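Residue numbers for the sequence shown follow the numbering used here, so the first one is 3 and each next one is one higher. Heads up, the thing below is written out as structure tokens.
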Amino acid sequence: MEIINPLDTAALHHQYLDTGYVIIRDLLREEVAEAAYEALKNQVPWELHYREMNTGRVGVIDPEHLEGLTQREIKRLLPPMATLKDNDFSFAYCRYTIPSKLENASPDAQILTEIYRYFNSPEYLKLMSEITGDDSGREVSTWASRYDRNHHLSVHMDESPGQERIAAHVLGLSKNWKQDWGGNFAFCDDEGEPNLVVPPQFNTLVMFKVPRLHLVTQ
3 MEIINPLDTA ALHHQYLDTG YVIIRDLLRE EVAEAAYEAL KNQVPWELHY
53 REMNTGRVGV IDPEHLEGLT QREIKRLLPP MATLKDNDFS FAYCRYTIPS
103 KLENASPDAQ ILTEIYRYFN SPEYLKLMSE ITGDDSGREV STWASRYDRN
153 HHLSVHMDES PGQERIAAHV LGLSKNWKQD WGGNFAFCDD EGEPNLVVPP
203 QFNTLVMFKV PRLHLVTQ
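Listed below in structure tokens is the structure:
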């Protein structure tokens with residue numbers, strides 16, 4: 003199965019060197035992107051992940067319990083969005099862990115595993131190395147996130163202790179996004195204020211060198 007459209011990695015490499023990021027529209031082939039959109043919208047069970055306000059621990063609500071909560075009950079659980087001045091980090095979003103093996107995926111969502119496997123193939127890793135100029139990457143960490151009302155990801159650098167990350171790799175699959183919904187990806191200045199906003203766009207990859215301050219708006 004062909005997963006992505008052809009990439010001009012030389013041109014993308016120059017953009018990456020100049021700005022530290024690239025935005026690649028129509029990354030996936032149209033039929034692949036549409037199948038992934040349908041699977042994420044209608045076929046997969048979502049968990050709610052959030053940082054607990056009082057303990058700072060990661061809270062997880064499984065799909066069955068999440069379905070039984072009202073919007074008011076969910077809002078009470080979620081933390082306010084932290085700022086850089088708070089010297090803290092907060093988050094709230096839904097997550098689906100994509101199975102790495104086809105036999106572990108439901109038939110209607112196997113396209114997500116196909117994408118996962120391709121993103122971690124030697125072919126794709128080589129393409130990404132041609133863009134970043136760094137061939138030390140060995141995997142693309144891949145899962146699905148969904149941002150609903152009051153969800154967010156506060157300003158952070160994407161630094162992970164014990165992990166040597168080359169770049170962050172965020173593929174958008176949202177359609178007909180409206181600005182007042184929030185959920186915008188944004189690069190931030192040294193004060194933690196957004197200075198370049200990238201609204202969610204269908205079948206669009208944002209890849210940027212890390213560490214770099216960024217957030218997802220509420």
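Beta carbons: idealized from backbone N, C-alpha and C, even for Gly. Owing to the predicted nature of the structure, the values given are computational and were not obtained by experimental measurement.
Query	Result
Distance CB(VAL208)-CB(ALA169) smaller than 8 Å	no
Pair within 8 Å by beta-carbon distance, LEU114 and ALA146	yes
CB contact flag (PHE93, HIS154, <8 Å)	yes
Segment contact flag, the segment 42-62 with the segment 77-84, C-beta cutoff 8 Å, min 3 pairs	yes
Nearest residue (CA-CA) to GLU40, options TYR149, ALA111 and THR57	ALA111
THR206 classed as buried or exposed, judged by whether at least 16 other C-beta atoms fall within 10 angstroms	buried
Reference ILE100, options PHE91, TYR126, GLU116 and GLY70, closest by Cα	GLU116
Reduced DSSP secondary structure (H/G/I, E/B, other) of SER138	coil
C-alpha distance - ALA192 paired with ALA38, whole-angstrom precision	Rather than Ala, the amino acid found at residue 192 in this sequence is Asp. Their Cα atoms are separated by approximately 36 Å.
Residues bridged to VAL24 [DSSP beta-bridge criterion]	MET209
From GLU141, ASN122, MET130 and LEU217, residue whose alpha carbon lies closest to that of ALA12	MET130
Cβ pair PRO201, GLN181 closer than 8 Å	yes
Buried versus exposed, by CB contacts within 10 Å (16 or more), VAL218	buried
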